[in-house]
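K.L.:
Residue numbers (mature numbering (1 follows the signal peptide of the UniProt record, and there is no 0)): -23 to -1, 1 to 236.
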């Protein structure tokens, strides 16, 4: 129930920016949905171990609202627009991520007590986040939206407010018992709901599907201001970074008031 309240609040926050369609000011509104696999880079397993990252991939879904400033269709368009109008969109977004987490890697695969403790531990992470992005399109947005180009690449940079909740259990018994916990994690487990921020950079490509329709594919990295997204935070030399997500998504965009 708590998660539903947070999701609803962030949804209202995102849609608030949509407002009315101010076409007379040269602004078009677009709505998008997206989904795809999300790889969690956390304290589960070795962070840069390929098998670990592939097996700890969950999923992400999102909705987006875009402000397109290249909407004007009058004959004075070329005189009235600026570089920002021609090449930038502002995007507000709400995303949800989930993944089950396991320990993979050389240490976890060893037939030792430490390996057994790691293999017996199973976790999950749930993240709800929302915020704003700035997209830069090298090709003129107006040319793309009027079918001058079939493809439009872009790069984006943004920031999100994040609410996260993790959980875990062990096949050997309660994780409150130090005997059931890998020694490195003792004192570094917290499954309380928390909040933080994320800094996001992405590369994407839009495909002009029709007059009011685009498809898109995007790959982006999300670096968080906390190392507690997985419920683990170890004080060890190898733990040099906070938690991180790499998300590849495919989406659909609909132009609301485009003419």
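Note that beta-carbon positions come from the ideal geometry of N, C-alpha and C, so glycine has one too. Please read all numbers here as calculations on a predicted model, not as lab measurements.
For residue 84, which option in 146, 20, 43 has the closest C-alpha, if you only look at C-alpha atoms?
P.N.:
20
K.L.:
Using the Cβ count rule (16 or more neighbours within 10 Å means buried), how would you classify residue 154?
P.N.:
exposed
K.L.:
So the candidates are 111, 207, 148; which of them puts its Cα closest to the Cα of residue 220?
P.N.:
207
K.L.:
Counting pairs of Cβ atoms below 8 Å between the stretch 158 to 173 and the stretch 110 to 119, do you hit three or more?
P.N.:
The stretch 158 to 173 vs the stretch 110 to 119: no contact.
K.L.:
Assuming residue 32 and residue 81 form a contact by the criterion Cβ under 8 Å, report the distance between their Cβ atoms to the nearest whole angstrom.
P.N.:
5 Å
K.L.:
Within its chain, find whatever has a CB closer than 7 Å to the CB of residue 264; leave out the 5 residues flanking it on each side and keep chain order.
P.N.:
The shown model of the chain, from -23 to 236, leaves out residue 264, and the question about it has no answer.
K.L.:
First and last residue of the beta strand (DSSP E) that includes residue 68?
P.N.:
Boundaries of the beta strand (DSSP E) around residue 68: 65 to 79.
K.L.:
Compute the Euclidean distance between the alpha carbons of residue 177 and residue 89, then round it to the nearest angstrom.
P.N.:
39 Å
K.L.:
Measure the alpha-carbon distance for residue 25 versus residue 4 and round it to whole angstroms.
P.N.:
43 Å
K.L.:
Between residue 9 and residue 41, how many whole angstroms is the CB-CB distance? I'm expecting something under 8 Å.
P.N.:
4 Å
K.L.:
Give the straight-line distance between the Cα atoms of residue 98 and residue 230, rounded to the nearest whole angstrom.
P.N.:
40 Å
K.L.:
Just how far apart, CA to CA, sit residue 136 and residue 105?
P.N.:
13 Å
K.L.:
Nearest by alpha-carbon distance to residue 11: which of 96, 194, 45, 18 is it?
P.N.:
With respect to the C-alpha of residue 11, the residue from 96, 194, 45, 18 having the closest C-alpha is 194.
K.L.:
Does residue 208 come out as helix, strand or coil in the three-state DSSP assignment?
P.N.:
coil
K.L.:
So what does DSSP say about residue 85, is it helix, strand or coil?
P.N.:
Three-state DSSP puts residue 85 in a helix.
K.L.:
If I measure Cβ to Cβ from residue 142 and keep anything under 6 Å in the same chain, skipping five residues before and after, which residues do I get?
P.N.:
103, 170
K.L.:
For residue 173, which of helix, strand or coil comes out of DSSP?
P.N.:
Residue 173 falls in the strand class under three-state DSSP.
K.L.:
Kindly identify the DSSP beta-bridge partner or partners of residue 180.
P.N.:
In DSSP, residue 180 forms a bridge with 132, 196.
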